[in-house]
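Enquirer:
There are 2 protein chains.
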Amino acid sequence: LTPKYITVIGLENFPLVKAGDNLAKIIVETAKKNRVEIQDQDIIVISQKIVSKAEGRLIKLSEVKATEKALEIAKITGKDQKLIELILRESNAILKVSPEALIVKDIRGLTCINAGIDRSNIEPKKGQEIYALLPLDPDNSAKKIRKEIFNLTKKHVGIIICDTYSRPFRRGQVEFAIGIAGLNPLFDYRGRKDLFGYTLKVKNIAIADELACTAELVMGQGSEGIPVAIIKGLERVVFQENASIQELKISSEEDLFKNIF
Amino acid sequence: LTPKYITVIGLENFPLVKAGDNLAKIIVETAKKNRVEIQDQDIIVISQKIVSKAEGRLIKLSEVKATEKALEIAKITGKDQKLIELILRESNAILKVSPEALIVKDIRGLTCINAGIDRSNIEPKKGQEIYALLPLDPDNSAKKIRKEIFNLTKKHVGIIICDTYSRPFRRGQVEFAIGIAGLNPLFDYRGRKDLFGYTLKVKNIAIADELACTAELVMGQGSEGIPVAIIKGLERVVFQENASIQELKISSEEDLFKNIF
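Chains as they are written, first to last, in the numbering used here: chain A, 55 to 315; chain B, 55 to 315.
(1) I'd like to know whether the C-beta atoms of Pro-239/B and Leu-190/B end up nearer to each other than 7 Å.
(2) Name, please, each residue of chain A whose Cβ falls closer than 8 Å to the Cβ of Ile-268/B.
(3) List, in chain order, every chain B residue whose beta-carbon is nearer than 8 Å to that of Leu-55/A.
(4) Taking all protein chains shown into account, decide if Gly-328/A is buried (16 or more other Cβ within 10 angstroms of its Cβ) or exposed.
(5) Here's the rule: buried if 16 or more other CB atoms are within 10 angstroms of the residue's CB, otherwise exposed. What is Glu-91/A?
(6) What residue from Glu-154/B, Lys-208/B, Ile-304/B and Ser-106/B has the CA that sits closest to Glu-177/B's CA?
(7) Please state if the CB of Leu-237/B and the CB of Gly-212/B are separated by a distance shorter than 7 Å.
(8) Have a look at Gln-294/A, Val-256/A and Thr-61/A and flag the residue whose alpha-carbon is nearest the alpha-carbon of Ala-235/A.
(9) Excluding the 5 residues flanking Tyr-185/B on each side, which residues of the same chain have their C-beta closer than 8 Å to its C-beta?
(10) Helix, strand or coil: how does DSSP classify Pro-205/A here?
(11) Specify whether the stretch 215-230 of chain B and the stretch 94-104 of chain B touch according to this definition: at least 3 beta carbon pairs, one from each stretch, less than 8 Å apart.
(12) Given that a residue counts as buried once 16 or more other Cβ atoms are within 10 Å of its Cβ, and exposed if not, what is Asn-67/B?
(13) On the DSSP letters alone, give me the boundaries of the alpha helix (DSSP H) that Ala-266/A sits inside.
(14) Would you say Leu-240/A lies against chain B (beta-carbon separation less than 7 Å)?
(15) Would a check of beta-carbon distances place Ser-277/B closer than 7 Å to chain A?
(16) Tell me which residues of the stretch 138-162 of chain A have at least one Cβ-Cβ distance to chain B shorter than 7 Å, keeping chain order.
(17) Taking 7 Å as the threshold (C-beta atoms), are Val-62/A and Ile-314/B in contact?
(18) Bridge partners of Asp-242/A, per DSSP?
(19) For Tyr-219/B, collect the residues of the same chain with a Cβ closer than 7 Å to its Cβ; drop the 5 residues on either side in sequence, then sort them by chain order.
(20) Taking only beta carbons into account, state which residues of the stretch 214-231 of chain A come closer than 8 Å to chain B, listed in chain order.
(21) Indicate whether at least one CB of chain B lies closer than 7 Å to the CB of Phe-250/A.
(22) Please report whether the beta-carbon of Pro-178/B lies at a distance below 7 Å from any beta-carbon of chain A.
(23) Check the Cβ-Cβ distances between Ser-174/B and every residue of chain A, and say whether any is below 7 Å.
(24) Which residues, taken in chain order from the stretch 282-302 of chain B, show a beta carbon closer than 7 Å to some beta carbon of chain A?
(25) Report yes or no: is there a C-beta of chain B within less than 7 Å of the C-beta of Ala-260/A?
(26) Pull up the distance between the alpha-carbon of Asp-263/B and that of Glu-183/A, whole angstroms please.
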């Protein structure tokens with residue numbers, strides 16, 4: 055009896071990433087140094103922070119000028135007005151303003167705290183406060199990295215760019231996929247049979263989010279310095295050329311939890 | 055350079071579970087048949103459904119008598135009044151009643167659709183509709199299984215009982231931990247330093263939920279018949295004797311998303 059198993063590998067000694075770096079090339083080289091072979095149908099999960107760095111999405115807070123609206127929200131939230139200004143620029147709608155949290159629908163359509171902007175794991179420069187914005191179009195970032203990895207290795211992999219999110223109703227954060235390439239973000243059981251032939255009606259698994267959570271187990275959030283994980287041996291991922299994180303987004307009309315609070 | 059890696063193993067040929075079965079014994083025997091050695095600090099993730107079955111938490115719908123309240127809610131939701139009756143018995147508070155969803159705070163404190171009651175992967179009996187209720191006290195179920203696995207193997211493992219949940223704001227379901235034993239469900243970075251010495255202020259990772267998601271990748275939801283996964287090689291889990299899923303629950307006062315909808 056041979057059990058099904060998957061392997062989740064965190065790449066050690068990943069170099070610090072700076073604006074303009076070719077992330078795909080760094081990933082391929084670091085995998086080689088780790089003696090990890092990149093194969094067809096591997097999933098490569100990449101922390102949002104290094105994608106933002108490579109794409110030059112770092113902002114010095116001192117160079118931001120706050121608008122009237124930012125000043126107003128800063129007063130309510132107790133946060134820095136320049137940080138609020140950054141969050142507003144990255145948001146399409148403000149959903150909640152309170153001393154505890156500023157929650158927005160960001161320009162990518164993600165409902166999240168502070169539009170995903172934070173300052174962890176960013177190299178400080180002369181005491182400047184530097185914040186990272188999310189990649190402008192994470193699907194496109196993932197697609198470019200996937201294409202370049204194919205050019206370098208001739209392997210068809212799946213790419214997930216992940217970030218850490220708070221959820222309603224549960225304490226603690228988990229990892230979400232914010233951009234993907236080469237895989238369907240869902241694995242849909244609706245219409246399939248269960249063990250006893252009963253047709254499943256609701257189950258549609260957000261497999262990209264589960265893969266992001268899986269990668270986080272080896273990546274960590276602090277001083278681990280492991281921004282990339284490779285997941286091997288997956289049987290239940292549908293690899294496909296056209297894929298978008300948009301499929302994980304849900305309109306408020308469709309959201310079963312609407313009007314619940 | 056040796057990369058960090060974890061292995062996620064789905065146990066094949068897991069027998070069908072019935073009321074009164076000793077789940078720990080079945081897990082140990084099935085692992086042996088799969089030639090998987092159970093070791094200290096393995097995490098064993100178990101699908102809620104087989105725990106419910108072993109604990110006799112299956113209900114024939116025909117034997118349920120609906121109350122007035124269940125009739126009333128059945129009219130709004132369009133669901134079977136006897137199923138509604140079961141959901142009400144398993145709930146402390148009703149949060150939303152609509153044709154799309156019945157969302158409750160269940161008797162365990164979980165905010166979820168239909169109090170976690172469903173009918174997938176349950177052996178049918180003479181055309182009867184049979185539903186599984188969640189284990190009455192999933193932490194206690196996990197604790198008993200952990201103790202029995204220790205008796206059989208002398209190994210200290212972590213146990214997670216998992217179930218599938220819909221989330222607000224995102225399409226698709228992911229796996230959550232609903233009961234645990236032997237591990238801290240959170241990995242807290244608050245007060246720790248990042249790569250560059252900045253002190254993290256918010257990050258507190260719901261590692262038990264991430265482990266549940268990881269297990270789901272090999273378990274599946276349909277006819278796979280893999281209700282147990284073993285995760286090996288974890289470095290970032292805090293193993294401890296006293297642990298409870300209560301730590302992942304959050305009061306509505308503390309919930310950053312309160313009043314958002």
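Idealized CB from N, CA, C, for every residue including glycine. Note that this is a predicted model, so its numbers are computed, not measured.
Expert: Reading off the structure:
(1) The Cβ atoms of Pro-239/B and Leu-190/B do not sit closer than 7 Å to each other.
(2) Per the sequence presented here, residue 268/B reads as Thr, with Ile not at that position. By Cβ distance, chain A contributes Val-62, Glu-264, Cys-267, Thr-268 and Leu-271.
(3) The answer, in chain order, is Glu-66, Asn-67, Lys-87, Asn-88 and Arg-89.
(4) Only positions 55 to 315 of chain A appear in this structure, which leaves residue 328/A out of reach.
(5) By the neighbour-count rule (16 or more Cβ atoms within 10 Å), Glu-91/A is not buried but exposed.
(6) The shortest C-alpha separation from Glu-177/B is found at Ser-106/B.
(7) In terms of Cβ geometry, Gly-212/B and Leu-237/B form a close pair [threshold 7 Å].
(8) With distances taken between Cα atoms, Ala-235/A lies closest to Gln-294/A.
(9) Excluding residues within five positions, the ones whose Cβ falls inside 8 Å are Leu-112, Ile-113, Leu-115, Leu-137, Leu-140, Ile-171, Asp-172, Arg-173 and Ile-176.
(10) Checking the displayed sequence, the identity of residue 205/A turns out to be Asn instead of Pro. Correct three-state label for Asn-205/A: helix.
(11) Yes, since at least three Cβ pairs between the stretch 215-230 of chain B and the stretch 94-104 of chain B fall closer than 8 Å, the two stretches touch.
(12) Asn-67/B should be labelled exposed.
(13) First-last of the alpha helix (DSSP H) with Ala-266/A: 261-273.
(14) Closer than 7 Å to some Cβ of chain B, the Cβ of Leu-240/A qualifies, so yes.
(15) Chain A, which has a Cβ nearer than 7 Å to the Cβ of Ser-277/B, makes this yes.
(16) For the stretch 138-162 of chain A, which is checked against every Cβ of chain B, the residues closer than 7 Å are Leu-149, Lys-150, Glu-154, Ala-155 and Ile-157.
(17) No, they are not a contact pair.
(18) DSSP output for Asp-242/A lists Asn-258/A as bridge partner(s).
(19) For Tyr-219/B, where only same-chain residues beyond five positions count, the Cβ hits under 7 Å are Cys-166, Gln-227, Val-228 and Phe-230.
(20) If the cut-off is 8 Å between Cβ atoms, the stretch 214-231 of chain A has Thr-218, Ser-220, Arg-221, Pro-222, Phe-223, Arg-224, Arg-225, Gly-226, Gln-227, Val-228, Glu-229 and Phe-230 near chain B.
(21) Answer yes: the Cβ-Cβ gap between Phe-250/A and chain B drops below 7 Å somewhere.
(22) When Cβ-Cβ separations below 7 Å define contact, Pro-178/B makes contact with chain A.
(23) Judged by the 7 Å Cβ criterion, Ser-174/B is in contact with chain A.
(24) Sequence-ordered contacts of the stretch 282-302 of chain B with chain A read Leu-288, Arg-290, Glu-301 and Leu-302 [C-beta pairs closer than 7 Å].
(25) Cβ-Cβ to chain B under 7 Å: yes for Ala-260/A.
(26) Taking the straight line from one Cα to the other gives about 33 Å.
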